Structure formats: structure tokens, C-alpha cells
């Protein structure tokens, strides 16, 4: 007559399957947590980029050709990069355009871009360029 499994053998097998289930659950949980962290970082970086674009446009709008201290592409870029907290200034791309000129009543547009890299290696997007453009009417 075949021998019936004892309680000891059954509990060992059960412990092994419990460890396997725990490993699967923990890996899914950690992937979810790190995914939430990465998306939160992306939203924060986008908000920072949008804020920097707005500040750059504000800086340029009060420094038109009649102000005595006319803003240039380089001064706007330096100002914006000086305000970046948490994002490396060397990674920011700042583009400033005036339409049609730097005179009062014209429009200034400041575009800020930042290459965002996810911390998770298995994200299929790799690096995403976050960008924001702010436009203002030159007041001086």
C-alpha cells in the first residue's frame, strides 16, 4: 500500500509555494511603487519647466527695447537656468523669440525643454522631453 504524505511533507511544500507567491506579490508591489514615484517625478519636473517658462517670459516682458536694459536670448536663458531648483541647469534648453520686435506691445515667447529620464530601467519610453512655452506682451 502506498504511503500517505505526512503533515511534515505537506507543510514543506506549502512553505515553498508561499515563498514563491510572496516573491511574485512583492515584485508587483515594488514595480507599482516605483512607477508611482517615477510618474510623480515626471509631473514635478513638468511643473518646474512650466514655472521656469513663465518666469522667463515675465523677465523678458519687462525688459523690452524701451526699458534701458534690453533682454537678450542669453540673458533670459541665464535667468531661467539660475532659477532652476532640482533640475540640472545644464540640461535645460531655453529658446526665446520676440515677435515682431522687442518694442512694447510685441510678444515674447520663452520655451523651456528638459530631457526627463525615468529611474526604472524597464520603462519603454527611455527619455522623454518635457517642454513648456509661455508668451507675454512686452510692457516696456
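Residue numbers (my numbering): 21 to 160.
A virtual CB, placed ideally from N, CA and C, is assigned to each residue, including glycine.
Please read these numbers as outputs of a predicted model, since none were measured by experiment.
CA nearest to the CA of residue i, picked from the options
i           : options           : result
residue 159 : 77, 50, 58        : 77
residue 95  : 130, 121, 65      : 130
residue 136 : 155, 92, 113      : 113
residue 124 : 82, 62, 132, 146  : 82
residue 70  : 133, 99, 47       : 133
residue 62  : 154, 153, 97, 148 : 148
residue 127 : 40, 153, 44, 50   : 153
residue 142 : 116, 58, 39, 117  : 58
residue 118 : 101, 39, 84       : 84
Min CB distance residue i to chain C below 8 angstroms
i          : result
residue 75 : Among the protein chains of the structure shown there is no chain C, as only one such chain exists.
CA-to-CA distance, residue j to residue i, given in whole angstroms
i           : j           : result
residue 55  : residue 156 : 36 angstroms
residue 139 : residue 109 : 19 angstroms
residue 151 : residue 44  : 37 angstroms
residue 74  : residue 120 : 20 angstroms
residue 88  : residue 101 : 23 angstroms
residue 52  : residue 46  : 10 angstroms
residue 41  : residue 93  : 58 angstroms
residue 64  : residue 48  : 24 angstroms
residue 170 : residue 72  : For the chain, the structure presents residues 21 to 160; residue 170 sits outside this window and is missing.
Enclosing alpha helix (DSSP H) for residue i [first to last residue]
i           : result
residue 103 : 93-103
Host beta strand (DSSP E) of residue i (start-end)
i           : result
residue 150 : 147-157
residue 135 : 127-137
residue 110 : No beta strand (DSSP E) holds residue 110; DSSP gives it neither H nor E.
Neighbourhood of residue i by C-beta distance below 7 angstroms, restricted to the same chain and skipping five residues each side
i           : result
residue 79  : 91, 96, 99
residue 111 : 134, 135
Contacting residues, own chain, Cβ-Cβ under 8 angstroms from residue i (five flanking each side not counted)
i          : result
residue 86 : 123, 124, 160
Contacting residues, own chain, Cβ-Cβ under 6 angstroms from residue i (five flanking each side not counted)
i           : result
residue 115 : 131
Checklist entry - Using 8 angstroms as the Cβ pair cut-off and three pairs as the minimum, do the region 54-68 and the region 98-107 touch? => result yes
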